[in-house]
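Notes follow once the structure below has been shown.
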């Protein structure tokens with residue numbers, strides 16, 4: 005099993021450009037999450053999904069959109085990138101409530 | 851929503867000593883408390899978790915204790931080794947248990 009796979013691993017964007025981050029899991033997990041990690045601020049939740057076709061906002065959703073068209077995939081979109089979105093993005097999945105997360109290896113995004 | 855506070859932000863110990871990291875949470879309905887270890891440049895990985903029906907759980911050199919009355923839980927690492935050096939995050943559920951709120955992390959350094 006690959007677990008949780010994120011693509012790409014690194015990306016540099018210019019301000020105003022758009023991009024999509026892909027998260028794929030092969031563990032048949034219902035729940036999937038997107039977090040961003042910034043120095044000194046821990047992991048902050050952007051959006052999450054509790055099942056195929058569902059999405060919900062997290063703590064810092066502005067500037068991002070998500071889709072969960074298939075159970076195994078969770079896409080994070082940036083429509084118009086801003087320097088404040090420079091961060092490391094982690095995807096995670098979970099079988100459900102009161103279970104730990106399995107994280108992907110992260111995407112380091114720089115917006116210039 | 852859930853508020854998770856983690857202390858200390860940095861912790862330096864001598865090899866072989868014990869290390870303790872503490873977290874407090876605000877939602878008395880929270881019932882699941884995981885701890886994650888993140889090595890430099892790597893993804894967070896679940897190292898131990900505890901559910902609200904137990905007060906302590908051990909796994910070799912690591913243990914977690916839970917005090918539901920005081921709404922705090924702690925990570926204990928005994929006989930620390932250099933490979934224990936990492937950032938440790940606590941978390942607690944929020945949003946009806948559908949997602950986790952993370953503490954801001956503790957940078958543990960084990961010195962020879």
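Protein chains in written order, with the working numbering: chain E, 5 to 116; chain U, 851 to 962. Cβ atoms here follow ideal geometry from the backbone N, Cα and C, with glycine treated the same way.
Give a yes or no on whether the minimum CB-CB distance between residue i and chain E is below 8 Å.
i, result
"residue 955(U)", "yes"
"residue 894(U)", "yes"
"residue 952(U)", "yes"
Kindly list, in the order they appear in chain U, the residues whose Cβ is closer than 8 Å to that of residue i.
i, result
"residue 81(E)", "Simply none; closest approach about 20 Å."
Among the options, which has the Cα closest to the Cα of residue i?
i, options, result
"residue 954(U)", "880(U), 887(U), 863(U)", "887(U)"
"residue 48(E)", "854(U), 961(U), 931(U), 947(U)", "854(U)"
"residue 7(E)", "86(E), 108(E), 91(E)", "108(E)"
"residue 875(U)", "962(U), 958(U), 920(U), 933(U)", "920(U)"
"residue 44(E)", "905(U), 880(U), 858(U), 904(U)", "858(U)"
"residue 942(U)", "907(U), 900(U), 933(U)", "900(U)"
"residue 71(E)", "96(E), 39(E), 81(E)", "81(E)"
"residue 33(E)", "98(E), 13(E), 58(E)", "98(E)"
"residue 91(E)", "17(E), 53(E), 55(E)", "17(E)"
"residue 878(U)", "856(U), 938(U), 923(U)", "923(U)"
"residue 852(U)", "961(U), 933(U), 948(U)", "948(U)"
"residue 57(E)", "64(E), 12(E), 35(E)", "35(E)"
"residue 112(E)", "42(E), 84(E), 60(E)", "42(E)"
"residue 896(U)", "915(U), 939(U), 903(U), 871(U)", "939(U)"
Using a Cβ cut-off of 7 Å, pull out every chain E residue sitting near residue i, in sequence order please.
i, result
"residue 882(U)", "102"
"residue 947(U)", "101, 102"
"residue 899(U)", "104"
Go ahead and label residue i buried or exposed: buried means 16 or more other beta carbons lie within 10 angstroms of its beta carbon, across all protein chains shown.
i, result
"residue 868(U)", "exposed"
"residue 894(U)", "buried"
"residue 931(U)", "exposed"
"residue 936(U)", "buried"
"residue 86(E)", "exposed"
"residue 116(E)", "exposed"
"residue 110(E)", "buried"
"residue 62(E)", "buried"
"residue 14(E)", "exposed"
"residue 956(U)", "buried"
"residue 46(E)", "buried"
"residue 114(E)", "exposed"
Interface residues of chain U around residue i at Cβ under 9 Å?
i, result
"residue 52(E)", "945, 948, 949"
"residue 62(E)", "945, 949"
Does chain U have any CB closer than 8 Å to the CB of residue i?
i, result
"residue 109(E)", "yes"
"residue 68(E)", "no"
"residue 37(E)", "yes"
"residue 94(E)", "yes"
How would you list, in chain order, the residues of chain E whose beta-carbon sits under 9 Å from the beta-carbon of residue i?
i, result
"residue 939(U)", "46, 47"
Compare the C-beta of residue i with all C-beta atoms of chain C and state if any pair is closer than 8 Å.
i, result
"residue 887(U)", "The structure shown contains no chain C; its protein chains are E and U."
message: So, does the stretch 97-108 of chain E touch the stretch 873-885 of chain U, judging by three or more C-beta pairs under 8 Å?
response: In this structure the stretch 97-108 of chain E touches the stretch 873-885 of chain U; the number of beta carbon pairs closer than 8 Å is three or more.
- request: Count the C-beta pairs between the stretch 26-34 of chain E and the stretch 77-92 of chain E that are closer than 8 Å, then say yes if the count reaches three, no if not.
  value: They touch, by the three-pair rule.
task: Please confirm if the stretch 925-943 of chain U is in contact with the stretch 908-915 of chain U, defined as three or more CB-CB distances below 8 Å between the two stretches.
output: Touching, yes.
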